[in-house]
Amino acid sequence: MEKCEGIVIRQTSYRESDKIVRMYTREFGKIGVVARGAKKTKSRLAAVTQLFTNGYFTFFGGNGLGTLQQGEVIENFSSIQQDIFMTAYATYVCELLDKATEERQPNPYLYELTFQILRDIDEGYDPQILTQIYEMKMLPVLGLYPTMDKCAICGETTGHFDFSTRSNGIICHRCFDRDRYRMHLPENVVKLLRLFFIFQLDRLGNIDVKPETKEWLQKAIDTYYDEYSGLYLKSRKFLRDMDKWENMLKKESDD
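So the sequence shown is numbered by this note's numbering: it starts at 77 and just counts up by one.
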């Protein structure tokens, strides 16, 4: 019998009334369990196995899937559950976590990071910015270490910087002619990329970022992920399509 604190990051139907639940836990990292009868409305496991739910779980372990015995909800992030846009961002966060991690590799920092991101989305902070922060902080988990504290070519820490996937990090104005494939980004965008990669999330305030700045940030992050991560996430494609639709609606309302 094992006990843990975890977040439900994926659930799938299994047989007529059961679920297979993927959780990311503080104690064990990512684990999978069978929740018998959880699809039944009156099941004692129905609420605690909902996507994004944070709770205490008791299960029988094993080499493969464990068997969930009981659970207690700590936080169900109800605002996320009731908003399609929040749900889309939270789903992407959970899928990225799922694809980036191996089974049973504990990482308490990553657990806390994911919990804070979901909590802040639920509390109404900008979900796009929070997701971009999460994407930058997930790079080391994927084994990716872009140089963000100095020029990736010459090592200088001062000057004007662009971002380059080819050079794997930021490059200063002295080296621009050595990387013609760099992304010429506004200075504030480069600063935010550096900030998102380095700073501690518990220092986050209510960051107010202009829509065009968020678009630049997303372009840089997506380009880097496409170049290095090897991941294809359905939730990311849906999220990008949703962002385009939302931006189109905003433009129409402004006109």
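Backbone N, C-alpha and C fix where the C-beta goes; we use that ideal spot for every residue, glycine too.
Within the same chain, Cβ atoms closer than 6 Å to the Cβ of T241 are found at T299, Y300 and E303, the five residues on either side in sequence being excluded. Scanning its chain for C-beta atoms nearer than 8 Å, with the 5 sequence neighbours on each side dropped, one finds around V217 the residues A176, T177, N183 and L186, in chain order. Of the other Cβ atoms in all chains shown, fewer than 16 fall within 10 Å of the Cβ of M77; this residue is therefore exposed.
Looking at the backbone, the Cα of K313 and that of Q208 are separated by about 15 Å. Counting the other Cβ atoms within 10 Å of the Cβ of I156 gives 16 or more, which makes it buried. Per the C-alpha coordinates, the member of N130, T234, C248 and G113 positioned closest to A228 is C248. In this structure Y90 touches V110 by the C-beta definition: roughly 6 Å separates them, less than 8 Å. Burial is judged here by how many other beta carbons sit within 10 angstroms of a residue's own beta carbon; C230 has fewer than 16 and is exposed. Here the alpha carbon of Q146 sits roughly 55 Å from the alpha carbon of H236.
Judged by DSSP secondary structure, S119 falls outside any beta strand (DSSP E); it is assigned neither H nor E. C-alpha of H260 to C-alpha of R250: approximately 14 Å in a straight line. In this structure the region 82-101 touches the region 119-128; the number of beta carbon pairs closer than 8 Å is three or more. In the DSSP assignment, C227 falls outside any alpha helix (DSSP H), carrying neither H nor E. The three-state reading of DSSP puts R242 in coil, since its state is none of H, G, I, E or B.
Judged by DSSP secondary structure, Q204 falls within the alpha helix (DSSP H) whose first and last residues are P203 to K213. When the alpha-carbon of G138 is set against those of R180, F153, L315 and R102, the nearest one is in R180. Taking I107 as reference, the option from F136, Y201 and Y308 with the minimal CA-CA separation is F136. Taken through DSSP and simplified to helix, strand or coil, A176 comes out as helix. Secondary structure remark: continuous beta strand (DSSP E) runs of at least 3 residues inside the region 98-155, in chain order: 105-111, 130-136 and 142-151. Between the beta-carbon of Y165 and that of Q204 there is about 7 Å, and that keeps the pair under the 8 Å contact cut. Taking all protein chains shown into account, S154 has fewer than 16 neighbouring C-beta atoms within 10 Å of its C-beta and is therefore exposed.
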